[in-house]
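Note sheet for the following structure.
Residue numbers (the numbering used here), protein chains in the order written: chain A, 248 to 595; chain B, 248 to 595; chain C, 248 to 595.
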C-alpha cells in the first residue's frame with residue numbers, strides 16, 4: 248500500500264465507535280498484516296491463531312478484542328468484533344478504480360436499450376434490445392447484457408460478465424469476472440430417441456447488495472425465477488441451478504453447488520465445495536461445513552456435516568475397506584450381544 | 248410469460264398424442280407452475296412431491312399421469328411421462344431470440360475461414376484461420392473459434408464460448424456462455440528440474456445434439472481426441488479431461504468431473520459434483536449419485552454411490568472419529584467372536 | 248497428425264540420451280498412441296495398464312522402460328522415465344500457432360500502459376493504465392490486463408484471460424482461456440444489518456513457468472499477496488482463495504480448491520476435486536488423493552486421503568446408515584469386551 252491520507256487514532260476511534268488505548272495522536276496512513284505492519288499502519292487481530300504475532304508487532308495501532316488489549320506493545324483500538332471494525336476502517340484506505348461515465352465507443356448498444364448517462368460501459372460491451380442499465384452502474388470490458396435484462400443502480404460488473412436471459416439485478420450488486428447469470432437451466436426429459444430439452448421460461452432475480460464471485464453460474468428458472476434475496480454473498484465458481492431460492496444474508500463459499508428447486512433460508516452459511524440436492528429446503532440459520540452433501544431437508548438451525556476424515560493413505564485404505572462391512576459389523580455386534588446375554592444369564 | 252398464440256386443449260391432445268379429459272375447448276396461451284397457473288395456462292404434475300398443489304390449481308389444463316387425473320379440479324391431458332409431454336408442449340410457448348444471418352462488423356474473420364452466409368456471427372467474435380462455421384449456426388458475442396475448428400450446422404453458441412484447438416462440433420450442438428473446449432489437456436512429466444509439459448496433440452469431437460453448460464471445460468486429447476458421442480448433456484461447470492470418451496445420451500449434472508482417459512458408456516447419468524478417476528471404464532446404463540467418487544471401473548449397469556451421510560455436526564464429529572478406528576473395531580469384533588465361541592463351547 | 252519433418256531413431260536416441268534397439272535408421276515423422284501408431288510414428292509405453300498393446304503395435308519405434316524392451320515387436324528407445332522422454336520428443340512434432348508481434352487494431356491500450364513491441368496482443372484485448380506486457384508475451388483474443396498488472400516475458404494467455412487488480416505474472420507463464428486472476432478475495436464481516444465487505448488490498452504473484460488451467464480462479468490477497476512460486480501447475484476450474492501460498496513445482500488437478508490463507512509446500516500433488524480448508528499448512532512433498540478434504544495441517548510428507556468408498560447403491564445405503572451409529576457401535580464393543588472379560592475370568 249502506498250501512503251495515503253492519514254487519520255489520527257483518536258479520529259478512527261470516534262468515527263467507528265471504538266475505544267482507543269495508548270498514544271492516540273499517532274497518524275495512520277494504511278493497513279497491513281499484524282506481523283508486517285509499520286508505525287503508520289493499522290493491523291488487526293481477529294483469529295486467535297495469530298495472537299502470537301501481537302507481541303512482536305510494529306503496527307501503529309492494532310484493532311483487537313478487549314481480552315488481547317493488555318498484551319499489545321502498541322496502541323490499540325478495542326472492538327467487540329475486530330474483523331468487522333477492521334473491514335470498516337480498511338475501506339478508508341481502498342482506492343477503487345474510478346469509472347468514467349459514458350459508453351466506450353467499441354461497445355454495442357441496441358437502439359432500444361436504456362443506458363443511464365451516469366453509467367459506465369466498458370470496451371466491447373454488448374447491450375441487447377430492451378435491456379436497462381441504471382444510474383451509476385459500471386460494466387467492465389466485454390460484458391453482455393441480454394435482451395430485457397436489467398442492471399440496477401450502482402451495480403458493478405467485472406470483465407465479461409454475461410446476463411443471458413430475463414435477469415434482473417438489484418442495486419449495488421457486485422459481480423466478478425466470468426460469471427454467467429440466466430443461462431438455460433439443466434432441464435431434460437427422456438424419450439425413446441434421446442433427450443428432449445425442457446424450455447427454460449423463467450428468469451433470475453438478484454436482490455440488492457448481493458455479491459457474485461468469478462466464474463460463478465446462476466441458471467434461470469424453468470418456469471418461475473431463480474432468486475437471490477438481498478445481501479446474498481457467493482464466492483467463486485459456485486453453481487446455482489434453476490428455481491433455487493436463497494434467503495437474505497446467506498453466504499456460500501467457493502465451489503458450492505445447489506441443485507434445482509432447492510430453497511435455502513436466510514442467514515445460512517454454506518461451506519466450500521458443499522452440495523445441496525434438488526427440491527430440498529434448508530431452514531434459516533443453518534451452517535453446512537465444507538464438502539458436505541445435503542441429502543434431505545434441514546428444518547432446524549444448527550451446524551451440519553458429512554464426510555469421512557482425512558488420514559494417512561494406508562490407514563485410510565484399511566478403514567475405508569471396513570466401511571463396506573459396516574452393516575455386517577453391526578449385525579455381528581448384535582449377535583455377540585445376544586450370546587453374551589445368554590452366557591451372563593446362565594452364570595447367575 | 249406474456250400471452251401468445253393460443254391452442255385449444257383438444258388440439259394439444261391431438262398434436263402430442265395425449266388423452267384429454269374435461270372441457271377440451273379451452274384456449275391455452277402459456278405455461279406456468281401448478282400452484283400459480285391461470286385459466287389460460289397449462290401446468291404439469293410430474294414430481295409426486297407437488298401432488299398436493301393439484302387440488303388448488305387454477306390452471307386451464309394440467310398434464311399429468313393417469314393416476315392423478317381424478318384428483319384434478321380442472322381439465323387434464325394424460326401422459327405416460329408428464330414431464331416429457333410438458334417439455335414438448337412448452338416449446339410451443341418459447342420465444343427464442345431471432346438471430347440475424349451475417350457477420351457483425353466488429354467480428355474478426357480470418358481470410359481463409361469458411362462462414363456460411365446463413366450463419367449469424369455476433370459482435371466481437373474471432374474466427375481464426377481454417378475454421379468453419381456451417382449453415383444456420385449462431386455465435387453469440389465474443390466467441391472465439393480457433394484455427395481449424397468447426398461449428399456444425401444449426402449449432403448455437405452463447406456469449407464468449409471458446410473453441411481453442413482442433414475442436415469439431417456436430418449439428419445442433421448447444422453451448423452456453425463461458426465454456427472452453429479444446430484447451431490443453433493437463434499433461435505434465437517430472438524431471439529433476441521441474442515439470443515438462445506434454446504436448447497435447449489431439450482434439451475434441453462433439454456429436455450431434457449435445458448440450459454443454461456454462462463455464463464447462465473440455466480439454467483436447469493428448470494424442471487421440473476427447474469425444475462426446477451424440478446427445479450427451481453436460482450441465483454447468485463440468486470438467487472433462489483429455490482423452491475422455493462419453494457415450495451417447497449420457498448426462499452429467501453440474502460440477503461433475505471426469506479425469507483423463509476415462510470412458511463412460513451410453514445412457515449413463517452422473518450426479519452433480521461426482522468425480523471419475525482417470526483410465527476407468529463405466530458401462531452403459533450406470534447411474535452415479537451426487538458427489539460420489541468413482542475409483543474403479545464399473546462393469547454392470549446400476550446405481551452406485553459413495554460418501555458418508557450428513558448429520559448434526561456434534562454427532563458427526565463423534566462418528567467420524569470412529570471411522571479412523573474402524574479397522575481396529577473390526578478386529579475387536581473378531582476377537583470377541585473367538586472368545587465367545589470358546590465360552591459357548593465350554594458351557595455345553 | 249499430418250506428416251512433418253522426420254528424425255531417424257538413432258538421431259532421437261542421441262538427442263534425448265536414450266538407448267536405441269532395433270533398426271535405428273527408420274524415419275519418425277510424428278507421434279501416435281501405441282495401438283494405432285504407424286511405421287513412421289513414435290509411440291510410448293508408460294502406464295503398465297497398456298502393456299498388452301505392445302505386442303500388436305505397428306509403431307515405428309516405442310519409447311519404453313528397459314523391462315518391456317524384449318516384448319516389443321518393433322524398434323525401441325529405452326528410457327528410465329518413458330513418459331518424460333516422450334514429453335520431450337513429442338515437442339518436436341508440435342505445431343504451436345505462430346503469434347504475430349504487434350497490437351491488433353481492435354485492442355484498447357491505455358496511453359500509459361507499456362507493451363513491448365515483440366509482444367502479440369490479440370483482437371479485443373484491453374490493457375489498462377499502468378499495465379505492462381513484456382517481450383515475447385502473447386495475449387489471445389479478449390484478454391483484460393487490469394491497472395498496474397504485469398505480464399512477464401514469453402508468457403502466453405489464451406482467449407479472455409482476466410488479470411483484474413495487482414497481478415504480476417513471471418516469465419513463461421501459460422494461462423488457458425477463461426481464467427480470472429486477481430478478483431476480490433471473499434472477505435466479509437457480519438454486522439447487525441448484514442455483510443460488510445472487507446477490502447481486498449493485496450495482489451497475486453505468479454512465478455516463472457507456472458501453468459493455469461481454463462476457467463481457474465485465483466483471488467488477490469486481503470492484505471498480502473496470493474502467491475504461486477515457480478513451476479506450479481494448476482489444471483482447469485481450480486479455485487485459489489486469497490492469501491494462499493503454493494510452493495514450487497506443486498501440481499493441482501482439476502476442480503481442486505484451496506481456502507483462504509492456506510499454505511501448501513513444494514512438490515505437492517493435490518488430486519482432482521480435493522479441498523484444503525483455510526489457514527492450514529501442508530508440508531513439502533505431500534500427495535492428497537482426489538476429492539479428499541484436508542481439515543488439519545499436514546506436517547509430514549506422504550499420501551493422505553479421506554472419503555467413503557463407492558458401492559452399489561443399496562449396499563451403500565445400508566452401510567451409510569450404520570455410519571451414523573458408529574460411536575454407539577464402538578461403545579457396544581467396549582461393553583462387550585468388559586462382559587466377556589468378566590465371563591472369561593470367572594471361568595478360570
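Glycine included, each C-beta is placed from N, C-alpha and C at the ideal position. Since the model is a prediction, treat every value here as computed from it, not as a measurement.
Taking C-beta pairs closer than 8 Å, name the residues in chain F that residue i reaches, listed in chain order.
| i | result |
| --- | --- |
| residue 458 of chain A | Protein chains A, B and C are contained in the structure displayed, whereas chain F is not. |
Can you find a CB in chain B that lies within less than 9 Å of the CB of residue i?
| i | result |
| --- | --- |
| residue 563 of chain C | yes |
| residue 308 of chain C | no |
| residue 396 of chain A | no |
| residue 490 of chain C | no |
| residue 403 of chain A | no |
| residue 583 of chain A | yes |
| residue 425 of chain C | yes |
Counting only beta-carbon separations shorter than 9 Å, does residue i have a partner in chain A?
| i | result |
| --- | --- |
| residue 267 of chain B | no |
| residue 536 of chain C | yes |
| residue 255 of chain B | no |
| residue 428 of chain B | no |
| residue 484 of chain C | yes |
| residue 389 of chain C | yes |
With hydrogens ignored, establish whether the beta-carbon of residue i is closer than 8 Å to any heavy atom of the ligand SAH.
| i | result |
| --- | --- |
| residue 569 of chain A | No copy of the ligand SAH appears in this structure; indeed no ligand is present at all. |
Give the DSSP-derived three-state secondary structure of residue i in the structure shown.
| i | result |
| --- | --- |
| residue 291 of chain B | strand |
| residue 345 of chain C | coil |
| residue 458 of chain B | strand |
| residue 670 of chain A | Chain A is shown from 248 up to 595; residue 670 of chain A falls before or after that span and cannot be answered. |
| residue 331 of chain B | helix |
| residue 403 of chain B | strand |
| residue 444 of chain A | strand |
| residue 497 of chain C | coil |
| residue 282 of chain C | coil |
| residue 596 of chain A | Summary: the structure shown does not reach residue 596 of chain A, with chain A confined to residues 248 through 595, and so no result is reported for it. |
| residue 250 of chain B | With a pLDDT of only 47 at residue 250 of chain B, under the threshold of 50, the placement of this residue in the model should not be trusted; the figure read from the coordinates follows. Looking at residue 250 of chain B - three-state DSSP - the assignment turns out to be coil, as it is neither helix nor strand. |
| residue 373 of chain A | strand |
| residue 436 of chain B | strand |
| residue 304 of chain C | coil |
| residue 578 of chain C | helix |
Identify the residues that DSSP records as bridge partners of residue i: which are they?
| i | result |
| --- | --- |
| residue 274 of chain A | A:255 |
| residue 492 of chain A | A:474 and A:510 |
| residue 486 of chain B | B:464 and B:504 |
| residue 409 of chain C | C:391 and C:427 |
| residue 299 of chain A | DSSP, once it has assigned bridges, lists no residue as partnering residue 299 of chain A. |
| residue 211 of chain A | The structure shown does not extend to residue 211 of chain A, since chain A spans only 248 to 595, so no value can be given for it. |
| residue 480 of chain A | A:458 and A:498 |
| residue 421 of chain A | A:403 and A:458 |
| residue 356 of chain B | B:374 |
| residue 319 of chain A | Partner(s): none; residue 319 of chain A has no beta bridge. |
| residue 571 of chain C | Residue 571 of chain C is not bridged to any residue. |
Is residue i close to chain C, meaning its C-beta is less than 9 Å from at least one C-beta of that chain?
| i | result |
| --- | --- |
| residue 511 of chain A | no |
| residue 249 of chain B | Only weak support exists for where residue 249 of chain B lies, its pLDDT of 46 falling under 50; the coordinates are left without a value. |
| residue 498 of chain B | no |
Next on the checklist: Counting only Cβ-Cβ distances shorter than 8 Å, please list the residues of the region 315 to 345 of chain A near chain C, keeping chain order.
Outcome noted: 328, 330, 331, 333, 334, 335, 337, 338, 340, 341 and 344
Checklist entry - What are the uninterrupted segments assigned as beta strand (DSSP E) that are 3 or more residues long and contained completely in the region 509 to 564 of chain C, given in chain order? => result 533 to 535 and 549 to 552
Next on the checklist: What are the residues in the region 259 to 287 of chain B lying within 7 Å of chain A by C-beta distance?
Outcome noted: 278, 279 and 280
Item to check | Positions along the region 567 to 580 of chain C whose CB lies within less than 9 Å of some CB in chain A | outcome: 567, 568, 569, 570, 572, 573, 576, 579 and 580: these are the residues of the region 567 to 580 of chain C whose beta carbon lies less than 9 Å from some beta carbon of chain A, given in chain order.
Item to check | Near-chain A residues of the region 428 to 446 of chain C (beta-carbon distance less than 8 Å), N- to C-terminal order | outcome: Those residues of the region 428 to 446 of chain C that come within reach of chain A (Cβ to Cβ, closer than 8 Å) are 430, 431, 433, 434, 435, 436, 437, 438, 441, 442, 443, 444, 445 and 446.
Checklist entry - Along the region 544 to 559 of chain B, what residues have a CB closer than 9 Å to any CB found in chain C? => result 545, 547, 549, 550, 551, 552, 553, 554, 555, 556 and 558
Checklist entry - In chain order, what residues of the region 447 to 477 of chain C put their CB closer than 8 Å to some CB of chain A? => result Against chain A - using a Cβ distance shorter than 8 Å - the residues of the region 447 to 477 of chain C are 448, 462, 464, 466, 470 and 471.
Next on the checklist: Closer than 7 Å between beta carbons: that is the criterion. Which residues of the region 360 to 384 of chain B meet it against chain C?
Outcome noted: Taking 7 Å as the cut-off between beta carbons, the residues of the region 360 to 384 of chain B near chain C are 371 and 373, in sequence order.
Item to check | Against chain B: residues of the region 503 to 530 of chain A by CB proximity under 7 Å | outcome: Those residues of the region 503 to 530 of chain A that come within reach of chain B (Cβ to Cβ, closer than 7 Å) are 504, 506, 522, 524 and 526.
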